[in-house]
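Heads up, the thing below is written out as structure tokens.
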Amino acid sequence: AAGVIQSPRHLIKEKRETATLKCYPIPRHDTVYWYQQGPGQDPQFLISFYEKMQSDKGSIPDRFSAQQFSDYHSELNMSSLELGDSALYFCASSSRKGTGEAFFGQGTRLTVV
Amino acid sequence: GNSVTQMEGPVTLSEEAFLTINCTYTATGYPSLFWYVQYPGEGLQLLLKATKADDKGSNKGFEATYRKETTSFHLEKGSVQVSDSAVYFCALSDPRNNDMRFGAGTRLTVKP
Chain A
30 AAGVIQSPRH
40 LIKEKRETAT
50 LKCYPIPRHD
60 TVYWYQQGPG
70 QDPQFLISFY
80 EKMQSDKGSI
90 PDRFSAQQFS
100 DYHSELNMSS
110 LELGDSALYF
120 CASSSRKGTG
130 EAFFGQGTRL
140 TVV
Chain B
146 GNSVTQMEGP
156 VTLSEEAFLT
166 INCTYTATGY
176 PSLFWYVQYP
186 GEGLQLLLKA
196 TKADDKGSNK
206 GFEATYRKET
216 TSFHLEKGSV
226 QVSDSAVYFC
236 ALSDPRNNDM
246 RFGAGTRLTV
256 KP
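Listed in order, the protein sequences are those of chains A and B.
The numbering used here runs 29 ahead of the 1-based position in the first sequence.
The numbering used here runs 145 ahead of the 1-based position in the second sequence.
Laid out in structure tokens, this is it:
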């Protein structure tokens, strides 16, 4: 069965650069969640989208923005990168027409140097 | 709005000890409830779920019972193993719109 696909799997950027992370949900899933997990830290909720509209917002910095497109994939845009942005970024998807459980991608590891 | 509150970690236990991780929820309807687990170096994965009151979800020796009267979904295991060391997340899904809410996570370390 198709799972949540995140790309790229690994990304190295320099300070002050920008990065774009992509998430492709399971087919027919309409909701996407983004999480950030720093080294040795627990995942922190960033933001979620349902039907291309933001549905919930967590601890997402102002330097970050995200959106969900008409094909339900989502992109997390990160600008003015800082060393502290180095983390594993997880995406999850769920369907409001199903059981509601979320399925997680393998994550994108971002390293800022 | 809907929310989930779970026991703060970290929790450290010896092998074969009994585990309880408390989770309570606030919801205006009758949500589905989940426990997710993140093993070291891996992504989050569903551990167990319950979709209605008095349901018991179980998997890998873990159990949680959906208690409407106490709005709780505590995770239990009778005898933990070192391999159970992970971060555990309680979550709910509102059946009216399937919007999910996660708890903050509880880190469990099991020592031999």
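Note that the Cβ used here is the ideal one computed from N, Cα and C, for glycine as well.
Taking three-plus beta-carbon pairs below 8 angstroms as touching, is the stretch 128 to 142 of chain A in contact with the stretch 83 to 96 of chain A?
no
Can you tell me the Cβ-Cβ gap for residue 182 (chain B) and residue 231 (chain B), rounded? I've got them flagged as a contact below 8 angstroms.
Residue 182 (chain B) sits at position 37 when you count from the first residue of the second sequence. Residue 231 (chain B) sits at position 86 when you count from the first residue of the second sequence. Contact holds; Cβ gap of about 5 angstroms.
What residue ranges within the stretch 218 to 246 of chain B form continuous beta strand (DSSP E) runs of no fewer than 3 residues, ordered along the chain?
220 to 222 and 231 to 238
List, in chain order, every chain B residue whose beta-carbon is nearer than 9 angstroms to that of residue 131 (chain A).
On the first sequence, position 102 is the one that residue 131 (chain A) refers to. By Cβ distance, chain B contributes 179, 181, 189, 191, 236, 238, 245 and 247.
Taking contact to mean at least 3 C-beta pairs separated by less than 8 angstroms, is the stretch 41 to 57 of chain A in contact with the stretch 106 to 124 of chain A?
yes
Which residues in the same chain as residue 86 (chain A) place their Cβ atom closer than 6 angstroms to its Cβ, once the five residues preceding and following it in sequence are excluded?
Position 57 of the first sequence, counted from the start, is the residue given in the question as residue 86 (chain A). If we look at residue 86 (chain A) and ignore the five residues flanking it on each side, its Cβ neighbours are 76.
Decide if the stretch 205 to 225 of chain B is in contact with the stretch 165 to 177 of chain B; the criterion is three or more beta carbon pairs, one per stretch, under 8 angstroms apart.
yes
Closest residue to residue 170 (chain B) among B:255, B:185, B:152 and B:158 (Cα-Cα distance)
Counted from its first residue, the second sequence places residue 170 (chain B) at position 25. Closest by alpha carbon: B:152.
Residue span of the beta strand (DSSP E) that contains residue 182 (chain B), given as start and end
Taking the first residue of the second sequence as 1, we reach residue 182 (chain B) at position 37. Counting along the chain, the beta strand (DSSP E) containing residue 182 (chain B) begins and ends at 177 to 183.
Short of 8 angstroms Cβ to Cβ, which residues in the stretch 119 to 130 of chain A face chain B?
119, 121, 123, 124, 125, 126, 127, 128, 129 and 130
In chain order, what residues of the same chain have a beta carbon less than 7 angstroms from the beta carbon of residue 45 (chain A), not counting five sequence neighbours either side?
Position 16 of the first sequence, counting from 1, holds the residue named residue 45 (chain A). Taken in chain order, the residues that qualify are 109 and 110.
So within the stretch 74 to 106 of chain A, which uninterrupted beta strand (DSSP E) runs reach at least 3 residues, ignoring any that extend past its ends?
82 to 86 and 93 to 97
Restricting to Cα atoms, I'd like to know which of A:60, A:107, A:117 and A:100 is closest to residue 83 (chain A).
If you number the first sequence from 1, residue 83 (chain A) lands on position 54. Checked all of A:60, A:107, A:117 and A:100; the closest Cα to residue 83 (chain A) is A:60.
What whole-angstrom Cβ distance do residue 196 (chain B) and residue 47 (chain A) have, given they're in contact under 8 angstroms?
Looking up residue 196 (chain B) in the second sequence gives position 51. Looking up residue 47 (chain A) in the first sequence gives position 18. So it is not a contact: roughly 42 angstroms between Cβ atoms.
Using the three-state DSSP reduction, which class does residue 112 (chain A) fall into: helix, strand or coil?
Position 83 of the first sequence holds residue 112 (chain A). Looking at residue 112 (chain A) - three-state DSSP - the assignment turns out to be helix.
How many Å lie between residue 191 (chain B) and residue 215 (chain B) at the Cα?
On the second sequence, residue 191 (chain B) is found 46 positions in, with the first residue counted as 1. On the second sequence, residue 215 (chain B) is found 70 positions in, with the first residue counted as 1. Rounded to the nearest angstrom, the two C-alpha atoms are 23 angstroms apart.
Please report the Cβ distance between residue 175 (chain B) and residue 240 (chain B), rounded to the nearest whole angstrom; I am assuming they are in contact, meaning their Cβ atoms lie under 8 angstroms.
Walking along the second sequence from the start, residue 175 (chain B) turns up at place 30. Walking along the second sequence from the start, residue 240 (chain B) turns up at place 95. About 7 angstroms separates the two Cβ atoms, so the contact holds.
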